[in-house]
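J.:
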Amino acid sequence: MAETAQERIKAVGGQLTRAERQLADVILENYPMSGLGSITRLAEKAGVSSPTVARMVQKLGFSGFPEFQEALRDELEAQISNPIAKHESWSEAAPQGHILNRFTDAVMSNIRQTLAHADPAEFDAVTALLADSTRAVFVAGGRITHALAEYLHMHLHVIRPRVQLIRTTNNAWPHDLLDLEAGDVVILFDVRRYENTTLKLAEIAAQRGARIVLFTDQWQSPIARHATASFNCRIEAPSAWDSTVAMQLMSETLIAAVQERAWEQTRERMKTLEEIFDATRIFRKFV
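Numbering of the sequence shown is given in full-length UniProt numbering, commencing with residue 1 and proceeding in unit increments.
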């Protein structure tokens, strides 16, 4: 799958002039909608000249502004496509072969592209935030991604104290923000057909000084403008449903990294938990 325009902007960030960086910030602020107006309007909004816009889109690998806008329109269409539309698209273009192979090929490609665009420094910074037990951690997902949020919450809760799951699928989630303090960490999962409830949660958390960590797709949830860090994971697959395998991989890698960084504390918590399990006889023992 080709890079999104957003990924291209980030990839060439170090090659941009001051005016081009100013333009890039404006484009990314409300991406991709910000780039769908006229070249003159975009230039005025960024406080640069129209030739500056033309030069930058060429640096991104586009022949000109019309091709750049066409790419943005294609991305917007992909963001809002519903499951039926996605299935019809794959049915027309899917390669021959068994679904096991086709689906696995797509997922492996998602993983490779997700890791290719991952920033190790950003990942390490998030690890440090989550290993800092002076900060409370709140985790939330959406209609589909709540399962990923619950998985991450369960593991972080074993690793360190003060980890809370926010269930945005009911109307009680505002109660969960009562104890949120400045400097706490809010981890959010949000993929295309982005959810208003999760966005509102992010807005409130940001206003209260929280550090927001976002797991999203390659088109990027609007929550990104409030986020301290964003993990953009590829999600397309030959199915009416998106694949969250790459997102789960990033999540599990983060679990491993936080556990390693906070191992002394984690080991004691795991030991205590195992003692509780033994007392309750929840699990069978074979020896």
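Cβ coordinates follow ideal geometry from the N, Cα and C atoms, glycine included. From a predicted model like this one, the values you see are computed outputs, not experimental measurements.
Please work out which residues of its chain come closer than 8 angstroms, Cβ to Cβ, to residue 277, disregarding the five sequence neighbours upstream and downstream, and give them in chain order.
T.: Taking residue 277 as the centre and dropping the five residues before and after it, the same chain places the C-beta of 283 closer than 8 angstroms to its C-beta, in chain order.
J.: Check residue 230 in the structure and name its three-state DSSP category.
T.: strand
J.: When the Cα of residue 302 is compared with those of 219, 258 and 125, which residue comes out closest?
T.: Beyond the ends of the chain as shown, which are 1 and 287, falls residue 302; an answer cannot be given.
J.: If you run the structure through DSSP and keep just helix, strand and coil, what is residue 191?
T.: coil
J.: Apart from the five residues just before and just after residue 122, which ones in its own chain have a Cβ nearer than 7 angstroms to its Cβ?
T.: 229
J.: Less than 8 angstroms between the CB atoms is what I'm expecting for residue 243 and residue 110, so what's the real figure, rounded?
T.: 6 angstroms
J.: Need the endpoints of the beta strand (DSSP E) that residue 139 sits in, please.
T.: 137-140
J.: How long is the line joining the alpha carbons of residue 183 and residue 163, rounded to whole angstroms?
T.: 14 angstroms
J.: In chain order, what residues of the same chain have a beta carbon less than 8 angstroms from the beta carbon of residue 7, not counting five sequence neighbours either side?
T.: 117, 218 and 232
J.: Beta strand (DSSP E) containing residue 217: first to last residue?
T.: Start and end: 211-217.
J.: Have a look at residue 209 and residue 216 and give me their C-alpha separation to the nearest angstrom.
T.: 21 angstroms
J.: First and last residue of the alpha helix (DSSP H) that includes residue 258?
T.: 245-261
J.: Would residue 46 be called buried (16 or more neighbouring beta carbons within 10 Å of its own) or exposed?
T.: Buried, since its Cβ has 16 or more Cβ neighbours within 10 Å.
J.: What did DSSP end up calling residue 220 once you bin it into helix, strand or coil?
T.: coil
J.: With the cut-off set at 8 angstroms, would you say residue 19 and residue 40 are in Cβ contact?
T.: no
J.: According to DSSP, is residue 166 helix, strand or coil?
T.: strand
J.: Here's the rule: buried if 16 or more other CB atoms are within 10 angstroms of the residue's CB, otherwise exposed. What is residue 98?
T.: exposed
J.: Which one or two residues does DSSP pair with residue 185 in a beta bridge?
T.: 137 and 211
J.: Could you give the DSSP three-state label for residue 30: helix, strand or coil?
T.: Looking at residue 30 - three-state DSSP - the assignment turns out to be coil, as it is neither helix nor strand.
J.: If you count every other CB in all the chains shown that lies within 10 Å of the CB of residue 38, and 16 or more means buried, which is it?
T.: exposed
J.: Give every residue of the same chain whose Cβ lies closer than 6 angstroms to the Cβ of residue 35, excluding the five residues on either side of it in the sequence, and list them in chain order.
T.: 27 and 72
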